[in-house]
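Student: Protein chains in written order, with the working numbering: chain Z, 24 to 247; chain S, 1269 to 1517. Cβ coordinates follow ideal geometry from the N, Cα and C atoms, glycine included. Model, not experiment: these values are computed from the prediction.
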């Protein structure tokens, strides 16, 4: 390899990492937080079987899961202004990522809630607890433990997914790589470099996930 | 009279499961409900604690009258705080330790201080011989141990009556004894118990009264001794002979 390429990659590294830390990671964290709130709300509505809201939740999940993320981004960013809904690129990305992943995570959370045996809920009623107390002390902690690995997966997939924000002009890590490449034409080197940074982020997250799983324990049961 | 049920009816998907159950339990009674599978024993018990909503029926509990079909949240909560339920599958809270399982009904449901709740819980667990497993999780216990913890959880809330729904049916044969001996102990101490069971030994030697159900109705009820030695109904005789015959085989 020639020294010119090394120099380019070396100079690009702090800039890419910088955008990764200041844009990709915050974008991921905020979108994930939004997704989590949506997921828990949508899952609880279904778990508690609240009549009309339940239908709305199913509709939301059906639409989101049945359409491509890229199309959703384009629709909101380029299409919605026609309806008078104009949003900056960054908030658009947060909303779309949040609502998109939220639909998948809602199913994860719902499945986890339903995996807590009905008998424990009945036992909760029988010792005198009310619905909220049973949810808080019994159902939610167990559901969270069950959902945790799958939610970790969602988070990791979201880190990579944020690169799609480049297509709606958000200057995040991948778009930065594109910009640098536009000047120096080193696609192989630069895109490999940016791929490695994503890999680094995701590796750290997998470690955190495993650490978290250990920390949460298995209530004396066999390892999941 | 601690408990009286009148005209309890319940259908599932058009099929009548309970066809007008009438029964009563005196304070200190140990009542065994016997009968073949599908006779409605468990459903009766579950209706008493509103785990199932009856289609019709009146419940007189500790002097207060309740409509078993229309009882509201408040009334149901009131009754549940005076009763306890022991399930066939124990239904311990899997994310809680043995001690927490017993304390939760006191702290969360009744607002009792932690220290006091702990004391009560340890006492209840000592009673069932589980005081050495306070910090174990249910998944680390045998079925018999789990059921004993479930009984401690029931005891801790000082209920007026404990409902047992086939408490030994999910247990390996060698574990049944430890649970029955705890129940025998409770009976001796005067705890009021309503027990759906297949354990003839228990029904015969421990219970004071037996109710025999079949096909959604009570066929015969009476003092245990009389029931086994001198059953009035032909069907009861058949059932007893069949069960005893099985035991000897």
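On the criterion of 16 or more Cβ atoms from any shown chain inside 10 Å, does residue 74 of chain Z qualify as buried, or is it exposed?
Tutor: In the first chain, the residue the question calls residue 74 of chain Z occupies position 51. That one is exposed.
Student: Per DSSP, what kind of secondary structure is residue 1404 of chain S in: helix, strand or coil?
Tutor: Here residue 1404 of chain S corresponds to residue number 136 of the second chain, with the count starting at 1. In the structure shown, residue 1404 of chain S sits in coil (DSSP, three-state: anything other than H, G, I, E or B).
Student: Could you check how far apart the C-beta atoms of residue 151 of chain Z and residue 1349 of chain S are, in whole angstroms? I think they sit under 8 Å.
Tutor: The residue given as residue 151 of chain Z occupies position 128 in the first chain. The residue given as residue 1349 of chain S occupies position 81 in the second chain. Yes, they are in contact, since the Cβ atoms of residue 151 of chain Z and residue 1349 of chain S sit about 4 Å apart, within 8 Å.
Student: Which class does residue 246 of chain Z belong to by DSSP, given the choice of helix, strand or coil?
Tutor: For the purposes of this step, residue 246 of chain Z is taken as residue 223 along the first chain, with counting starting at 1. Unreliable placement is indicated for residue 246 of chain Z, whose pLDDT of 48 sits below 50; the coordinate value is still reported in the next sentence. Note: residue 246 of chain Z maps to coil in three-state DSSP.
Student: Please list, in chain order, the residues of the segment 1367 to 1384 of chain S that have any C-beta partner in chain Z closer than 8 Å.
Tutor: Taking 8 Å as the Cβ-Cβ cut-off against chain Z, the residues of the segment 1367 to 1384 of chain S that qualify are 1372, 1373, 1376, 1377, 1378.
Student: Counting only beta-carbon separations shorter than 8 Å, does residue 1359 of chain S have a partner in chain Z?
Tutor: In the second chain, residue 1359 of chain S corresponds to position 91, counting from 1. Yes, residue 1359 of chain S lies at the interface with chain Z (some Cβ there is under 8 Å from its Cβ).
Student: Are the C-beta atoms of residue 1405 of chain S and some chain Z residue less than 8 Å apart?
Tutor: Here residue 1405 of chain S is taken as the residue at index 137 of the second chain, counted from 1. At least one chain Z Cβ lies under 8 Å of residue 1405 of chain S.
Student: Report yes or no: do the segment 1406 to 1425 of chain S and the segment 1373 to 1393 of chain S share at least 3 C-beta pairs separated by less than 8 Å?
Tutor: Result yes; three or more Cβ-Cβ pairs closer than 8 Å.
Student: Which residue from Z:31, Z:107, Z:29, Z:39 puts its Cα closest to that of residue 219 of chain Z?
Tutor: On the first chain, residue 219 of chain Z is found 196 positions in, with the first residue counted as 1. If we check each option's Cα against that of residue 219 of chain Z, Z:39 comes out closest.
Student: Considering just the uninterrupted stretch of the alpha helix (DSSP H) at residue 1288 of chain S, what are its terminal residues?
Tutor: Taking the first residue of the second chain as 1, we reach residue 1288 of chain S at position 20. Where residue 1288 of chain S is concerned, there is no enclosing alpha helix (DSSP H), although the beta strand (DSSP E) it sits in stretches over 1283 to 1293.
Student: Taking a contact to mean a Cβ-Cβ separation below 8 Å, would you say residue 188 of chain Z touches residue 59 of chain Z in this structure?
Tutor: Taking the first residue of the first chain as position 1, residue 188 of chain Z is located at position 165. Taking the first residue of the first chain as position 1, residue 59 of chain Z is located at position 36. Not closer than 8 Å, so no.
Student: Between which two residues does the beta strand (DSSP E) containing residue 1334 of chain S stretch?
Tutor: By 1-based counting over the second chain, the position of residue 1334 of chain S is 66. Residue 1334 of chain S -> beta strand (DSSP E) spans 1332 to 1335.
Student: So for residue 1339 of chain S, helix, strand or coil by DSSP?
Tutor: Translated into positions along the second chain, residue 1339 of chain S becomes position 71. Residue state, collapsed to three classes: coil.
Student: Note down, in chain order, all residues in the segment 161 to 173 of chain Z with a beta-carbon under 8 Å from any beta-carbon belonging to chain S.
Tutor: The residues in question are 161, 164, 165, 168.
Student: With 8 Å as the threshold, decide whether the Cβ of residue 1299 of chain S is near any Cβ in chain Z.
Tutor: Taking the first residue of the second chain as position 1, residue 1299 of chain S is located at position 31. Output row for residue 1299 of chain S: interface = no.
Student: In the DSSP output, what is residue 1488 of chain S paired with across the bridge?
Tutor: Locating residue 1488 of chain S in the second chain gives position 220, counting from the first residue. The partner list for residue 1488 of chain S (beta bridge, DSSP) reads S:1480.
Student: Quick check on the DSSP output: the alpha helix (DSSP H) that includes residue 1275 of chain S runs from which residue to which?
Tutor: Locating residue 1275 of chain S in the second chain gives position 7, where the first residue counts as 1. Segment 1271 to 1280 is the beta strand (DSSP E) holding residue 1275 of chain S; no alpha helix (DSSP H) there.
Student: Opposite residue 1433 of chain S in the DSSP bridges: which residues?
Tutor: Here the question's residue 1433 of chain S lines up with position 165 in the second chain. Answer is S:1464.
Student: Roughly how many angstroms separate the alpha carbons of residue 1468 of chain S and residue 155 of chain Z, rounded to a whole number?
Tutor: As a position in the second chain, residue 1468 of chain S is number 200, starting the count at 1. As a position in the first chain, residue 155 of chain Z is number 132, starting the count at 1. Approximately 40 Å, taken between the alpha carbons.
Student: Using a Cβ-Cβ cut-off of less than 9 Å, list which residues of the segment 1293 to 1324 of chain S approach chain Z; keep chain order.
Tutor: Taking 9 Å as the Cβ-Cβ cut-off against chain Z, the residues of the segment 1293 to 1324 of chain S that qualify are 1314, 1317, 1318, 1319.
Student: Can you list the residues of chain S that residue 137 of chain Z reaches, using a CB-CB cut of under 8 Å?
Tutor: To locate residue 137 of chain Z, count along the first chain from 1; it is residue 114. The premise fails here: residue 137 of chain Z is roughly 15 Å from chain S at the closest Cβ pair, so nothing lies under 8 Å.
Student: Taking DSSP's pairing of strands, which residues face residue 1324 of chain S in a bridge?
Tutor: Taking the first residue of the second chain as position 1, residue 1324 of chain S is located at position 56. Beta-bridge pairing links residue 1324 of chain S to S:1277.
Student: What does residue 156 of chain Z touch in chain S if you count any residue whose Cβ is under 8 Å from its own?
Tutor: Counting from 1 along the first chain, the entry for residue 156 of chain Z is found at position 133. Residues of chain S passing the Cβ test: 1376, 1377.
Student: How about residue 145 of chain Z: is its C-beta nearer than 8 Å to some C-beta of chain S?
Tutor: Reading the first chain from its first residue, position 122 is the one you call residue 145 of chain Z. Cβ-Cβ to chain S under 8 Å: yes for residue 145 of chain Z.
Student: Assuming residue 1458 of chain S and residue 1439 of chain S make a contact with CB atoms under 8 Å, what is their CB distance in whole Å?
Tutor: One-based indexing of the second chain puts residue 1458 of chain S at position 190. One-based indexing of the second chain puts residue 1439 of chain S at position 171. That belief does not hold up - the Cβ atoms of residue 1458 of chain S and residue 1439 of chain S are roughly 25 Å apart, past 8 Å.
Student: Please report the distance separating the alpha-carbon of residue 1325 of chain S from that of residue 1355 of chain S.
Tutor: Residue numbering aside, residue 1325 of chain S sits at position 57 when the second chain is read from its first letter. Residue numbering aside, residue 1355 of chain S sits at position 87 when the second chain is read from its first letter. Approximately 23 Å, taken between the alpha carbons.
Student: Within 10 angstroms of its Cβ, does residue 82 of chain Z collect 16 or more other Cβ (buried), or is it exposed?
Tutor: Your numbering for residue 82 of chain Z matches position 59 in the first chain. Exposed: under 16 other Cβ atoms inside 10 Å.
Student: Hey, could you find the ends of the beta strand (DSSP E) residue 1301 of chain S is sitting in?
Tutor: For the purposes of this step, residue 1301 of chain S is taken as the residue at position 33 of the second chain. Here the beta strand (DSSP E) through residue 1301 of chain S covers 1298 to 1302.
Student: Taking the DSSP output, what are the residues bridged to residue 1354 of chain S?
Tutor: Residue mapping note: residue 1354 of chain S aligns to position 86 of the second chain, counting from 1. In the DSSP output, where bridge partners are listed per residue, residue 1354 of chain S has S:1432.
Student: Can you confirm whether residue 1349 of chain S, when its beta carbon is compared against all beta carbons of chain Z, has any partner nearer than 8 Å?
Tutor: Residue mapping note: residue 1349 of chain S aligns to position 81 of the second chain, counting from 1. Yes, residue 1349 of chain S counts as interfacial toward chain Z.
Student: In three-state DSSP terms, what is residue 1361 of chain S?
Tutor: As a working mapping, residue 1361 of chain S is identified with position 93 in the second chain. In this structure, residue 1361 of chain S counts as coil in the three-state DSSP scheme.
Student: Anything in chain Z within Cβ reach of residue 1355 of chain S, meaning under 9 Å, just list it in chain order.
Tutor: Locating residue 1355 of chain S in the second chain gives position 87, where the first residue counts as 1. Near residue 1355 of chain S (Cβ distances below 9 Å), the residues of chain Z are 142, 145, 146, 149.
Student: Taking 8 Å as the CB-CB limit, is residue 134 of chain Z close to chain S?
Tutor: Translated into the one-based positions of the first chain, residue 134 of chain Z becomes position 111. Not one chain S Cβ lies under 8 Å of residue 134 of chain Z.
Student: Below 7 Å on C-beta distance, what does residue 1421 of chain S contact in chain Z?
Tutor: On the second chain, position 153 is the one that residue 1421 of chain S refers to. Simply 150.
Student: For residue 1460 of chain S, which residues in chain Z fall below 7 Å Cβ to Cβ?
Tutor: As a first step, residue 1460 of chain S must be located in the second chain, where it is residue number 192. Ordered by position in chain Z, no residue passes the 7 Å Cβ test against residue 1460 of chain S, which lies about 16 Å from the chain.
Student: Are the segment 194 to 209 of chain Z and the segment 61 to 73 of chain Z touching, with three or more C-beta to C-beta distances below 8 Å?
Tutor: No: fewer than three Cβ pairs fall under 8 Å.
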